[in-house]
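In my numbering, the protein residues as written are 488 to 650.
Heads up, the beta-carbon is just placed ideally off N, CA and C, and yes, glycines get one too.
Working notes, structure below.
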């Protein structure tokens, strides 16, 4: 097990009960293979973090944990990581239930500015709307990744989503 985590940054991922359910380990080298390892493997990934600060009625949903960390670090506290664009397509209702219980009514999808990110947004939008959320897609310019946004860009997004 320890060999699998060598040269990786490890994130404990908790569910709504604040129980650590999986460790997500990302290789420190961009060409590291595989880039991500989950321990234990086969765990149904929750959205992360499962708890948002109080007072929010919306959340920003991004694909990766580094996307989430970048936005959070720059002041967007209501950002949540989906751990990929496909993980929310299965078990949508149970993954969103903790956020409904927290009063979230609006979801902003902020995926990569590429064909895959745009396609994933279009697939997820009706699934999230079917669960009773108002969903808005925030399209980034071609080639732009939420993990690379600077502080000014994040402030602009934060201002937009609070309107």
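Check your understanding: Does DSSP put residue 641 in a helix, a strand or coil?
Key -> helix
Review point. If you run the structure through DSSP and keep just helix, strand and coil, what is residue 648?
Key: helix
Exercise for review: Could you tell me which residues DSSP pairs with residue 507 in its beta bridges?
Suggested key: Bridge partners of residue 507 according to DSSP: 501.
Point to revise | Per-residue DSSP class, three states only, for residue 492 | key: helix
Review point. For residue 557, which three-state DSSP category applies?
Key: helix
Review point. So what does DSSP say about residue 610, is it helix, strand or coil?
Key: Here residue 610 sits in helix by DSSP.
Review point. How is the alpha helix (DSSP H) around residue 548 delimited, first residue to last?
Key: First-last for residue 548: 545-549, but that is the beta strand (DSSP E), not the alpha helix (DSSP H).
Check your understanding: What are the boundary residues of the alpha helix (DSSP H) that includes residue 584?
Key -> 579-588
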